[in-house]
Amino acid sequence: MKSLLLSRQDLDFLLFDWLRVDELTGRARFAEHSRETFSDTLDLCEQLATRYFAPHNKKSDAHEPTFDGTTVTIIGEVKVALAACADAELIGMAMDYSLGGAQLPATVAQAGFAWLFAANVSTAGYPMLTMANANLLAKFGSEEQIDAFVKPMLAGRFFGTMCLSETQAGSSLADITTRAEPRPDGTYRLFGSKMWISGGDHELTDNIVHLVLAKIPGGPAGTKGISLFIVPKYLVEPDGTLGERNDVVLAGLNHKMGYRGITNTVLNFGEGGHRPGGEPGAVGYLVGTEHRGLSYMFHMMNEARLGVGMGAIALGYTGYLKSLDYARSRPQGRPATSKDPAAPQVPIIEHADVKRMLLAQKSYVEGALALALYCARLVDIQHTAESDEEHDHATALLDMLTPIAKSWPSQWCLAANDLAIQVHGGYGYTREYDVEQHYRDNRLNPIHEGTHGIQSLDLLGRKVVQRDGAGLAALHQTMTGSTAAAQRAGGELADLAAQLDAVIGRLVAVTAAMFASGDIDAALANSAIYLEAFGHVVIAWIWLEQLLAVDGRSGDFYDGKRQAARYFFRYELPKTGPQLDLLESLDRTTLEMRPEWF
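Take the sequence shown: its letters are residues 1 to 598, numbered as in UniProt numbering.
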């Protein structure tokens with residue numbers, strides 16, 4: 001029986017037929033691996049997802065964590081699943097052998113982890129954050145910090161968090177007030193509060209490693225004065241044993257519409273609940289150098305953004321498969337042209353409008369999954385680049401695509417979940433069926449790790465203009481390389497390539513015109529529209545890439561790919577025309593709206 005979490009056939013196609021990840025074994029970092037080890041990893045992840053993660057997804061949603069003022073209580077199945085994940089050594093899948101990792105390509109690790117997201121996105125959130133935390137410390141932490149915190153995280157004995165936001169600051173990190181006071185022994189004492197901290201307190205592991213943004217008194221104002229600190233729940237002794245409880249106190253749990261199975265917390269640092277050594281403040285250890293904390297944290301934030309995108313994709317994908325399964329098995333009604341009321345009912349998948357909804361879902365989730373894995377392969381190229389040119393090209397592409405890979409799936413795989421509910425009809429919004437929970441879980445992802453608005457400003461206000469537009473030029477070159485290949489193939493591929501070429505050219509021209517106007521306020525006012533149009537162009541390119549990979553192949557799977565691509569080019573890509581018209585006009589409607597007019 002085929003899984004209703006993800007399509008293994010699709011993953012194998014994307015990894016081996018399109019991205020050819022087995023060729024990465026020719027690079028020194030991955031030389032000890034093979035296609036067999038990659039496939040075994042996917043098998044293992046699917047098995048763990050099916051056996052340990054999926055069975056408690058609805059239970060953890062219905063019985064979210066509770067806090068009695070002292071201890072957080074979480075249903076027992078969460079700990080069992082996470083222990084199985086740690087025992088399988090999945091937390092360090094893509095990390096170095098020297099750290100205790102398996103040194104797999106990020107492309108394979110992301111594909112494997114997608115199974116866990118599809119099965120239970122809340123429980124999967126704990127190791128996802130831990131991996132990103134460990135990757136940051138492996139890059140910027142000292143050897144002592146790596147030994148004390150990273151290796152226990154990869155072993156599953158510690159979990160990690162990221163502590164950025166504060167109640168009064170929200171996404172405006174320049175306005176955080178948590179402070180870190182230096183001590184003669186080289187440590188710091190932290191005082192302040194952090195909000196929306198996923199995985200911020202629990203009894204699932206021996207320790208929790210918080211990465212906390214704070215300001216050292218006397219430092220520069222704004223974001224230039226932010227430093228990064230390791231603040232563990234329990235101090236770690238030189239021999240690796242746990243010491244005193246640190247002054248990190250859970251103030252309360254946030255209760256959300258989705259992702260209910262993972263604790264989401266308000267944490268207070270240095271409020272006096274615990275005083276290590278009898279001195280006020282939570283003990284923290286500086287990562288790297290003072291006042292560079294935000295640049296370090298972006299390493300974790302960007303990884304988390306790609307993770308949020310993959311989580312959104314997995315939720316959209318499993319919702320699609322479940323609505324497809326329902327549509328195949330639910331008899332209702334007769335063909336529109338049927339005049340015989342005594343004729344047997346047909347499965348709803350035979351109705352044109354249901355096909356439309358399923359085809360839309362397929363085009364969104366399969367396009368988004370391909371984009372996420374393409375981005376993961378860029379990470380692998382960065383890590384193994386054989387020349388500066390190869391490294392710089394991969395970096396430029398990844399910088400451009402990260403806001404898209406986070407936000408486009410968060411918007412359009414959520415739209416897929418909406419359609420999955422619609423396919424189910426009245427059953428879709430009942431709790432007996434999974435799709436209503438998938439929608440609620442996925443609705444958080446347009447906000448997680450930076451809203452659409454923040455991602456759009458990052459894309460339009462920063463990524464497309466930095467280094468004199470080198471990133472946009474690199475992506476333009478890459479996309480037109482694909483369209484050129486499709487033109488050479490001829491036939492329908494050439495027709496679609498010509499359509500995409502025209503839209504790519506228009507996007508680049510409109511981008512240049514927006515900034516040439518000199519009216520930066522108007523250019524940025526509709527950045528969210530720019531992000532959506534840009535994302536649709538990127539997904540159309542990704543679909544063209546998939547069509548090149550299936551060219552000449554026959555069978556239902558490949559025909560399904562072709563039809564989904566046709567749908568996206570005919571129904572979705574044309575939406576960019578009016579959007580680009582609006583952007584080119586530098587419309588000021590939103591800018592000129594006054595608060596008192598609402």
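Using N, Cα and C, we set each Cβ at its ideal position, and we do this for glycine too.
Quick caveat: nothing in here was measured; it's all calculated off a predicted structure.
C-alpha gap between Thr590 and Arg305, whole angstroms: 28 Å
Contact check, Gln455 vs Leu531 under 8 Å by CB: the rounded distance? 6 Å
DSSP on Asn264, reduced to helix/strand/coil? strand
Where Phe191 and Glu449 are concerned, what is the direct C-alpha to C-alpha distance, given to the nearest angstrom? 24 Å
Close beta carbons around Glu237, own chain, < 8 Å, minus the five adjacent residues each side: Gly243
Once you ignore the five residues that flank Val212 on each side, which residues in its own chain have a CB closer than 6 Å to its CB? Cys163, Phe229 and Val231
Proximal residues to Ala497 (C-beta, below 6 Å), its chain only, five neighbours per side dropped: Thr483, Ala486 and Gln487
Kindly give me the distance between the Cβ atoms of Met257 and Arg443, rounded to whole angstroms, as I take these residues to be in contact under 8 Å. 6 Å
Lys463 versus Ile208: straight-line alpha-carbon distance, rounded: 34 Å
If I measure Cβ to Cβ from residue 662 and keep anything under 7 Å in the same chain, skipping five residues before and after, which residues do I get? The chain is shown only over 1 to 598; residue 662 falls outside these bounds and no answer can be derived.
Rounded to the nearest angstrom, what separates Gly186 and Lys151 at their Cα positions? 22 Å
Keeping to the same chain, check which residues put their C-beta closer than 7 Å to that of Trp115; ignore five residues upstream and five downstream. Leu5, Leu6, Cys45, Glu46 and Ala49
Which parts of the stretch 87 to 145 are runs of the alpha helix (DSSP H), unbroken and 4 residues or longer, counting only runs that do not cross its ends? 106 to 119 and 121 to 140
Would you say Gly261 and Glu64 are within 8 Å of each other, going by their C-beta atoms? yes
Secondary structure of Asn302, DSSP reduced to three states: helix
Going by Cα to Cα distance, which pick from Asp325, Leu173 and Tyr259 is closest to Phe298? Leu173
Does the stretch 362 to 376 come within contact of the stretch 539 to 549, defined as at least 3 CB pairs closer than 8 Å? yes
Backbone CA spacing between Leu14 and Gly278 [nearest angstrom]: 56 Å
Rounded to the nearest angstrom, how far is the Cβ of Ala251 from that of Gly270, given a contact under 8 Å? Rounded, the Cβ-Cβ distance is 12 Å, inconsistent with contact.
Identify whether Asn442 lies in helix, strand or coil by the three-state DSSP scheme. helix
Three-state secondary structure (DSSP) at Asn207? strand
Residue range of the alpha helix (DSSP H) that includes Arg8: Arg8 to Asp12
Could you tell me the boundaries of the alpha helix (DSSP H) in which Arg566 lies? Asp556 to Tyr567
For Lys215, which of helix, strand or coil comes out of DSSP? strand
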